[in-house]
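Novice:
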Amino acid sequence: MRRVLTVAAATAALLLPGGPLPEAEAGSALPGPGRWSAREAESFWTADRMASAVPMTPGSAAAATDPGTGQDFDGIPVVGRMFVMKGGGAYFCTASVVSSPGRNLVLSAAHCLLGTDARQVAFVPLYTAQTPQPYGMFPVVRDTAGRSRVWIDPRYKSLGPDKGATLDVAFAQVGPDADGFPVEDVVGGNRLVTGAGYAHPRVSLIGYPASAARPRLCVNRTTRFTSTDPGIPGSFLRIDCTGYPGGTSGGPFLTRYDKDTETGDVVGVIGGWKTGGDTADTSYSSYFGQDVKALYEKAVAGAGTG
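Residue numbers for the sequence shown follow my numbering, beginning at 796 and rising by one.
#1: So N985 and T1058 are supposed to be a Cβ contact under 8 angstroms. How far apart are they, rounded?
#2: Give, in chain order, every unbroken run of the beta strand (DSSP E) that is at least 3 residues long and sits entirely within the region 908–993.
#3: Just list the residues that DSSP pairs V849 with in beta bridges.
#4: Are three or more beta carbon pairs between the region 1033–1053 and the region 1011–1018 nearer than 8 angstroms?
#5: Does DSSP put K881 in a helix, in a strand, or in coil?
#6: Relative to the C-alpha of V919, which residue among A885, D938, D869, V978 is closest?
#7: Just checking my contact of G1026 with V981 at CB under 8 angstroms: how many whole Å lie between their CB atoms?
#8: With respect to the beta strand (DSSP E) encompassing G1063, which residues constitute its N-terminal and C-terminal limits?
#9: Could you check where the alpha helix (DSSP H) with G1097 kicks off and where it finishes?
#10: What does DSSP give as the partner residues of S903 in its beta bridges?
#11: Check whether the Cβ atoms of S1081 and D963 lie closer than 7 angstroms to each other.
#12: What residues are listed by DSSP as bridge partners for Y793?
#13: Looking only at C-alpha atoms, which of G910, S1030, P1010, D974 sits nearest to G992?
#14: Pull up the CB-CB distance for S891 and L902, whole angstroms please, since I reckon it's below 8 angstroms.
#15: Would you kindly report the start and end of the unbroken beta strand (DSSP E) that includes R1016?
#16: If I follow the unbroken alpha helix (DSSP H) through R997, where does it start and stop?
#17: Do you know offhand how far G1099's Cα is from W946's?
#18: If you follow the alpha helix (DSSP H) that R1104 is part of, which residue opens it and which one closes it?
#19: Taking only the alpha-carbon atoms, compute the straight-line gap between S1044 and A904 and give it to the nearest angstrom.
#20: For the region 1007–1016 against the region 863–880, are there 3 or more C-beta pairs whose distance is under 8 angstroms?
#21: What is the DSSP secondary structure of R844, counted as helix, strand or coil?
#22: Measuring straight from C-alpha to C-alpha, what distance separates K881 and T1050?
This is the structure we're talking about:
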């Protein structure tokens, strides 16, 4: 599987089950439960530590040239890296801001944020090696018990990344930056779209490859892929885009990209079948249907207005 941890045996993360849809639960309860501010995140996630993080996996987005050919680009503010400490290592996946009433939600893949020992979790919009924090840092909120507020369908945790591949989606609540601004006020947010089908004529795929100093962009069409492997059942969005190895998990599939606002409609994230695919040149996403809509609504209710 292309997007499996390269240093640990399992993907790091933080979410928690409970109820028909999960209640937020934590990575780990550190001293001073509930404390994890933007200034603390910035102090912990130095430029060197962010640069040392390895993939966490089991111009303009409208400016791509040849369909299906990935290329490094300067990125867009609404997409960035999600940094996580797990065990003794620093890891990352790709994540993006999704519009919500609280203006405080980010979207990634469930396999990036699944586990009980993740800590110091923070989202960094438009991270690049040259400019690590162009828009600051947004810590994933902890509740009063010190548990990170991440929402994943509990069936994904119980079934695992193969049997539960159609549920490989996660939402996380992030706190304000060091100046007190919510993430969506700072960088904007993509619109979550569910029930839009599998085939889209033009999708911008953005992710952070492990070996690249900048994010990667590709524009191509998506098709429906139905697995014939009984161990990984279900249908998924499929896109042929070159150069999306470890680190790109959680990267958004964007339709109707607006180059002026640098946002679009998010209809998928890299994940799902074989946690995103078994080669770097074809990527997959769980289908955004009623399950994802219900999960988003649960996250919106839980995250409130910040």
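Quick reminder that beta carbons are idealized off the backbone N, C-alpha and C, glycines included.
Specialist: On the basis of the supplied data:
#1: 5 angstroms
#2: 913–920, 945–947, 965–968
#3: Y886
#4: yes
#5: strand
#6: V978
#7: So it is not a contact: roughly 42 angstroms between Cβ atoms.
#8: 1058–1064
#9: 1085–1098
#10: A965
#11: yes
#12: Absent from the structure is residue 793, since the part of the chain shown begins at 796 and ends at 1101.
#13: S1030
#14: 6 angstroms
#15: 1011–1021
#16: Premise fails: R997 lies in the beta strand (DSSP E), 995–1002, not in any alpha helix (DSSP H).
#17: 13 angstroms
#18: No information on residue 1104 is available, as it lies outside the stretch 796 to 1101 that the chain covers here.
#19: 6 angstroms
#20: yes
#21: helix
#22: 33 angstroms
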